[in-house]
Amino acid sequence: MKTSAGLLMFRRTAAADSLTVLLAHPGGPFYRNKDDGSWTLPKGELQPDEEALACALREFREETGIDPGEAALIALGEIRQKGGKRVLAWAFEAPPGELELTTLPASNSFELEWPPKSGKMQSFPEVDKLGFFSLEEARIKINSAQSELLDRLVALLS
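The numbering of the sequence shown is numbering that gives the first Met the number 0, which starts it at 0 and goes up by one.
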């Protein structure tokens, strides 16, 4: 069973009870024309003998270019996606000040035979878009199994 770990960065908006969360859109040909239900918290697969939190921090830095630094982390627990993959997650509040994503950092890439059975290997970014979404928007954009993490975050911040 595959296990991934990731971080859900949030920021509080001008409306006192309102949050936005940072989501990542997977790169590559399978997600090129997919939007709703395809976004995810920045995450990655655990390496052998790697601690989940260390993986979450590494993957977040690699996929967003943002270093959480000494941010207080809020454990959101584990969810299981449709295919059975386990996802362990933590949340943290964005650093003070207005954080705008004007450019996408150079994401790690992966190799894939594309088009299928062509014998041609192509390189694709792991993440091709990042964006902040209101909770309402995020529930539409995020992988359906991960929406539970949004609910947990709201409950823990209440």
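Virtual Cβ for every residue (Gly too), placed ideally from N, Cα, C.
Requested in this report: Check whether the stretch 12–29 touches the stretch 118–130, taking contact to mean three or more Cβ pairs, one atom from each stretch, closer than 8 angstroms.
Outcome: As far as the Cβ criterion goes, the stretch 12–29 touches the stretch 118–130, which means the pair count is three or higher.
Report task. Confirm, please, whether the CB-CB distance from leucine 72 to serine 3 is below 9 angstroms. Result -> Counting from 1 along the sequence shown, the entry for residue 3 is found at position 4. Counting from 1 along the sequence shown, the entry for residue 72 is found at position 73. No, they are not a contact pair.
Query raised in the report: Counting Cβ pairs closer than 8 angstroms, one from the stretch 29–39 and one from the stretch 48–59, do we hit at least three?
Result: no
Query raised in the report: Can the beta-carbon of lysine 84 be found less than 9 angstroms from the beta-carbon of lysine 33?
Result: Translated into positions along the sequence shown, residue 84 becomes position 85. Translated into positions along the sequence shown, residue 33 becomes position 34. Against a cut-off of 9 angstroms, the Cβ pair of lysine 33 and lysine 84 comes out as no contact.
**Report entry** Three-state secondary structure (DSSP) of leucine 75
**Finding:** Here residue 75 refers to the residue found at position 76 of the sequence shown. Note: leucine 75 maps to strand in three-state DSSP.
Query raised in the report: Span of the beta strand (DSSP E) holding glutamate 69?
Result: Counting from one through the sequence shown, the residue named residue 69 turns up at place 70. Glutamate 69 -> no beta strand (DSSP E), and no H or E assigned at all.
Requested in this report: With a floor of 3 residues, list each beta strand (DSSP E) that falls wholly inside the stretch 6–39, ordered by position along the chain.
Outcome: Counting whole runs of 3 or more residues, the stretch 6–39 contains the beta strand (DSSP E) stretches 18–25.
Query raised in the report: From what residue to what residue does the beta strand (DSSP E) around aspartate 127 run?
Result: Position 128 of the sequence shown, counted from the start, is the residue given in the question as residue 127. Element bounds for aspartate 127: 126–133.
Query raised in the report: So, glutamate 92 versus alanine 70, is the Cβ gap smaller than 9 angstroms?
Result: In the sequence shown, counting from the first residue as 1, residue 92 sits at position 93. In the sequence shown, counting from the first residue as 1, residue 70 sits at position 71. For the pair glutamate 92 and alanine 70, the CB atoms are nearer than the 9 angstroms cut-off.
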